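> In my numbering, the protein residues as written are 1 to 896. Let me give you the structure first, and then I'll get to my questions.
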RNA sequence: AGGCACGUACGUCAAUGGUAGACGGCUUCCCUUACAAGGAAGAGGUUGGGGGUUCGAGUCCCUCCGUGCCUACCA
């Protein structure tokens, strides 16, 4: 057998995925058990424009770990992949391409443009689906979905029509967030508030029929051209005398009133506020309250309108600002300008400053839907957020303060709103144009040109992808899904809306649990972003360290934010190599052996200590793994795997079983030791597989005896793969605390000898004699039985065990667990003073520990109030220390 | 402006109120036939500061400092 000394991830990553995919292992149909429990996840659909970034790799790792785990546990498992059409991003991308070609979407026209987007999508969209294969993601590609496909579009129309018919969708004229660059309306969630240092301008407005002026402060002087009132707080005595007076608004020929409104904070600025209902959300509200006219002075391109007056019409908003300020100064009405820090709304995508505009849009009334979600949380505590703190509150608080959702967008790429207008302006909402014609009684219909917010379709994702509105078998089988795994920044945009729509249309929660992942930050603790250029490309990491090592690194992140640390990946790359070489050892000595689960099915006294211990550790680890995964404790799961494999399996078990395994002569004992080793390796690989799919499959395929019989019964008949083998569940019955204790004593003995070798500077090649005095018969038995292994591991020429230690004076000594003593004769090598010091140091450590414990015991409050069990523990430990100390003291005296 | 997290070894992170750990890095020694991407032995901490509750606090409470994130209609 020819196995290289180093694990080559690329080699292993090449073949297996294709075979898994082509064999249909990712599809739930591979499961032949009609009564199998179901596990399903839908992927948060990545944008069609996107390519794989660390956030995806992170989420996908969690999803794949769970999916593979559940599949191995015999669940009918579906991880459904798909892509989001990402309205604005995609449209912008194609618009840019057109610009390069010297044309534009307007020139092309709507139909041609959409064709062009599809063409782009088919040629270069969804890069991520290729990259996901590299990750090893076990998604069912046969069920892949795209939000713009006909089936999902039908679901969107169904959603729209039903909500409209119930009055939950309406068309209205309101102030909205408008992006002058993208030329579309945006929802509140697509706007980000960024701090900005700007100016606060104090403008004086003359009061008609008097010499008085009233001063207002504003950050946006240009909007004064659209002012229709000045407001003060009704309680503000400073302005009581001018309430109801009229202002002659400078630069215009309009007169506007001074009104009173609670909204005005007398403490801020001058206590008087200019009111521009057409261009400010607050002023809009105030305008509605006071029935003020709306004078539109800024257009959708953020240029001033004709209503702004001849001097301003056509000017850009910032030019207009400058001009207004100059004019006020010229008129002597500019009181002052001060520096001012405030936050400004920008388009999340293009960072253009949002212009609040009054516009006719489609909205969704959220209260009744919101109540469905809040009710679900109150009644059933669903979805269950992991971690619960703080996300359950974040989610709930947001829902409680929810406002209506602007769902229309002035784009071409997306689901066109299924609303048509008759020549007389009547609105007809229908599932198809045919239905609309029938309803309207005319064929002369114009469809609303707007499309729906991308999230409108995403909100249906968990059930639209399974066939809704049809009652499909998939929907019945896989809905509600088991868990949603996502980043925290879309809890509002997506998670909450899925819950609301799920409850509304299916009457069920869309998922039981929501696992919110941490964020992978850069080495400086900054979020990775395209604009900052600080992102780490997961594909580069795959190339450098392998997919499996990267997956372990990411899984370990769990739900806490973590700075990217390449050293960590390197250490898991080393771990992969360790696995490789451990398997290599097992395979090099596998002649005449094969996997045989019978060999680890019982744990009785006929087995050697190291075997009983290993079986115990295996079962403990399996139980812990199952628990960790059930709790979504990925960090813990990775730690368990790492230490189980490296410490327990490699460092101790292989070393202890090695003597039997590499024996020259063929014997039943050798065959059994080899087979048991292979069997435990098989179990270890299965435990690892959900995290490290490639290396485990690569190795498992080579193990003698790895075949159909090891598959989970639900996959009987499938061609063998570790991904269909059953996941070790672990059994309490096979945990052997006696073996663990005996092994602990053995490990203690070995460590002590090694410590002596190291501190006494004994050459690695030099053999030493190891003398053990163990008063306890059981312990003598343990050490005697393991003599050969111990000798091998500590490079001893002799290991002798007796009840009483009888050793030459010139020995290095130690006290062991269970009152045993150890001596390593070192004739001529030992410096007695130095040895005494070494033992004194050890005694000192014990003394320090004893001091703490004694302090506790001598505190009457502790003895009285601490649990008796705890008190007992302390005094037991104290006794141990006392015994060891006296033994050490004797050793020291014998040297003096 | 409010709200919520977080602060533990040189770095990245763990620790149901019960002796503070892991991995990497560091020091010393070893290419001992699975693995130098390895092995062995070590060093390294008043858990951001201060107060409180408790027999006992990294963990619970208060406060200060620092860092993030989210929400918000102060012109």
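Virtual Cβ for every residue (Gly too), placed ideally from N, Cα, C. It should be emphasised that the depicted structure is a prediction, and the values quoted were computed from it without experimental measurement.
What ranges does the alpha helix (DSSP H) occupy inside the segment 630-703, keeping only unbroken runs of at least 4 residues that lie completely in it?
Segments of the alpha helix (DSSP H) lying fully in the segment 630-703: 634-643, 655-661, 668-688 and 693-700.
> Using only CA atoms, which one of 728, 466 and 480 lies nearest to residue 474?
Position 474 of the first chain, counted from the start, is the residue given in the question as residue 474. Checking every option, the nearest Cα to that of residue 474 belongs to 466.
> Looking only at its chain, what residues have a beta carbon closer than 8 Å to the beta carbon of residue 827, apart from the 5 residues adjacent to it on each side?
Numbered from 1 along the first chain, position 827 holds the residue referred to as residue 827. Result list for residue 827: 808 and 810, in chain order.
> Could you give the DSSP three-state label for residue 462: helix, strand or coil?
Numbered from its first residue, the first chain carries residue 462 at position 462. Of the three classes helix, strand and coil, the one that applies to residue 462 here is helix, per DSSP.
> So if DSSP puts residue 217 in a beta bridge, which residue, or which two residues, is it bridged to?
Locating residue 217 in the first chain gives position 217, where the first residue counts as 1. DSSP output for residue 217 lists 202 as bridge partner(s).
> So the candidates are 867, 853, 267 and 461; which of them puts its Cα closest to the Cα of residue 217?
Within the first chain, numbered from 1, the residue matching residue 217 stands at position 217. Nearest C-alpha to residue 217: 267.
> Note down, one range per segment and in chain order, each alpha helix (DSSP H) of at least 4 residues found wholly within the segment 274-311.
Complete alpha helix (DSSP H) runs here, min 4: 281-290.
> Report the option in 713, 731, 734 and 732 whose CA atom is closest to the CA atom of residue 724.
For the purposes of this step, residue 724 is identified with residue 724 of the first chain, where counting begins at 1. That would be 713, whose Cα lies nearest to the Cα of residue 724.
> So, does the segment 47-58 touch the segment 8-16, judging by three or more C-beta pairs under 8 Å?
The segment 47-58 vs the segment 8-16: no contact.
> Determine the burial state of residue 99: buried for a count of at least 16 other Cβ atoms within 10 Å of its Cβ, exposed for fewer.
The sequence position of residue 99 within the first chain is 99, counting from 1. Residue 99 should be labelled exposed.
> Taking the alpha-carbon positions, what's the residue 898 to residue 692 distance?
Any answer about residue 898 is impossible in this case: the structure gives the chain only from 1 up to 896.
> For residue 411, which option in 648, 183 and 804 has the closest C-alpha, if you only look at C-alpha atoms?
Position 411 of the first chain, counted from the start, is the residue given in the question as residue 411. Comparing Cα-Cα distances from residue 411 to each of 648, 183 and 804, the minimum goes to 183.
> If distances are taken between C-alpha atoms only, which option among 4, 2, 8 and 3 comes closest to residue 542?
Along the first chain, read from residue 1 onward, the residue named residue 542 stands at position 542. Minimum Cα distance to residue 542 is reached at 8.
> List the endpoints of the continuous beta strand (DSSP E) containing residue 347.
Stepping through the first chain from its first residue, residue 347 is reached at position 347. That run of the beta strand (DSSP E) goes 334-347.
> For residue 195, write down the residues that DSSP places opposite it in a beta bridge.
Within the first chain, numbered from 1, the residue matching residue 195 stands at position 195. For residue 195, which the question treats as bridged, DSSP gives the partners 343.
> Measuring CA to CA, which of 485, 160 and 387 is closest to residue 504?
One-based indexing of the first chain puts residue 504 at position 504. Measuring from the Cα of residue 504, the nearest candidate turns out to be 160.
> By how many angstroms is the C-alpha of residue 540 removed from the C-alpha of residue 461?
Residue mapping note: residue 461 aligns to position 461 of the first chain, counting from 1. Residue mapping note: residue 540 aligns to position 540 of the first chain, counting from 1. Between residue 461 and residue 540, the C-alpha separation is close to 31 Å.
> Write down every uninterrupted run of the beta strand (DSSP E) in the segment 239-274 whose length is 3 residues or greater and which is fully enclosed by it, in chain order.
Taking only runs of at least 3 residues, the beta strand (DSSP E) segments lying wholly in the segment 239-274 are 246-248 and 255-260.
> Who does residue 562 pair with in a DSSP beta bridge?
In the first chain, the residue the question calls residue 562 occupies position 562. According to DSSP, residue 562 bridges with 520.
> Can you tell which of 129, 561, 635 and 103 has its C-alpha closest to the C-alpha of residue 65?
Start at 1 with the first residue of the first chain, and residue 65 comes out as number 65. The residue with the shortest Cα to Cα distance from residue 65 is 635.
> I need the straight-line Cα distance from residue 586 to residue 126, nearest angstrom please.
Here residue 586 is taken as the residue at index 586 of the first chain, counted from 1. Here residue 126 is taken as the residue at index 126 of the first chain, counted from 1. Taking the straight line from one Cα to the other gives about 42 Å.
> What first and last residue would you give for the alpha helix (DSSP H) that runs through residue 738?
Within the first chain, the letter at position 738 stands for residue 738. That run of the alpha helix (DSSP H) goes 737-759.
> Along the chain, where does the alpha helix (DSSP H) that runs through residue 67 open and close?
Along the first chain, one-based indexing puts residue 67 at 67. Segment 54-72, the alpha helix (DSSP H) holding residue 67.
> Tell me whether the beta-carbon of residue 696 lies closer than 8 Å to the beta-carbon of residue 689.
In the first chain, residue 696 corresponds to position 696, counting from 1. In the first chain, residue 689 corresponds to position 689, counting from 1. Against a cut-off of 8 Å, the Cβ pair of residue 689 and residue 696 comes out as a contact.
> Measuring only the C-alpha atoms, how far is residue 453 from residue 186?
Position 453 of the first chain holds residue 453. Position 186 of the first chain holds residue 186. Taking the straight line joining both Cα atoms gives about 8 Å.
> Note down the Cα distance separating residue 749 from residue 842, rounded to an integer number of angstroms.
For the purposes of this step, residue 749 is identified with residue 749 of the first chain, where counting begins at 1. For the purposes of this step, residue 842 is identified with residue 842 of the first chain, where counting begins at 1. When rounded, the distance between both Cα atoms is 16 Å.
> Please identify the residue among 564, 494, 767 and 347 whose C-alpha is closest to the C-alpha of residue 522.
The count along the first chain starts at 1 and reaches residue 522 at position 522. Per the Cα distances, 564.
> Roughly how many angstroms separate the alpha carbons of residue 368 and residue 740, rounded to a whole number?
The residue given as residue 368 occupies position 368 in the first chain. The residue given as residue 740 occupies position 740 in the first chain. Straight-line Cα distance between these residues: approximately 59 Å.
> Restricting to Cα atoms, I'd like to know which of 60, 151, 85 and 104 is closest to residue 139.
Residue mapping note: residue 139 aligns to position 139 of the first chain, counting from 1. Selected option, being the one with the closest Cα: 60.
> According to DSSP, what are the bridge partners of residue 384?
Position 384 of the first chain holds residue 384. Per DSSP, 513.
> Given a cut-off of 8 Å, decide if residue 202 and residue 252 are closer than it, judged by their beta-carbon atoms.
Position 252 of the first chain, counted from the first residue, corresponds to residue 252. Position 202 of the first chain, counted from the first residue, corresponds to residue 202. Cβ distance not < 8 Å, so residue 252 and residue 202 don't count as in contact.
> Taking the DSSP output, what are the residues bridged to residue 360?
Residue numbering aside, residue 360 sits at position 360 when the first chain is read from its first letter. DSSP lists 173 as partners of residue 360.
> Which residue from 873, 836, 830 and 829 puts its Cα closest to that of residue 850?
As a working mapping, residue 850 is identified with position 850 in the first chain. Per the Cα distances, 873.
> Compute the beta-carbon to beta-carbon distance between residue 793 and residue 705, rounded to the nearest angstrom, for a pair I have assumed lies under 8 Å.
Walking along the first chain from the start, residue 793 turns up at place 793. Walking along the first chain from the start, residue 705 turns up at place 705. Contact flag wrong, Cβ pair sits at about 28 Å.
> Between the Cα of residue 431 and those of 833, 802 and 439, spot the shortest distance and give me the residue it belongs to.
Numbered from 1 along the first chain, position 431 holds the residue referred to as residue 431. Per the Cα distances, 439.
> Where does the unbroken alpha helix (DSSP H) through residue 835 begin, and where does it stop?
In the first chain, the residue the question calls residue 835 occupies position 835. 832-857 is the extent of the alpha helix (DSSP H) around residue 835.
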